[in-house]
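>
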Amino acid sequence: MEKNTKKQISLICFAAGFILLLIQDLKGFSTIEFGFRLPWAIMFYSGLLLMVIGYYLRG
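Take the sequence shown: its letter number 29 is residue 28 in numbering that gives the first Met the number 0, and every next letter is one higher.
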């Protein structure tokens with residue numbers, strides 16, 4: 000894989016994982032209604048997995 004492509008995929012995976020972790024963390028605020036009902040545990044672990052993949056691809 001080309002180095003620039005690998006870096007872009009790394010940043011996208013890390014950012015998507017961070018957003019999933021952030022959304023999962025905001026579930027405690029009752030005023031925020033996202034309009035969907037995904038299992039929060041799946042969002043948390045998939046966010047962690049995406050962050051790990053992004054961290055692994057950065058090098």
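Cβ coordinates follow ideal geometry from the N, Cα and C atoms, glycine included.
These numbers were taken from a predicted model, which means no experiment stands behind them.
Excluding five sequence neighbours on each side, which residues of the same chain lie with their C-beta closer than 8 Å to the C-beta of P38?
Hits under 8 Å: none found.
> So, are the CB atoms of G53 and L10 less than 8 Å apart?
Yes. Within cutoff.
> Taking the CB atoms as reference points, tell me whether M42 and F17 lie closer together than 8 Å.
Their beta carbons are not under 8 Å apart, which means M42 does not touch F17 by this criterion.
> Less than 8 Å between the C-beta atoms of L56 and K5, yes or no?
Against a cut-off of 8 Å, the Cβ pair of K5 and L56 comes out as a contact.
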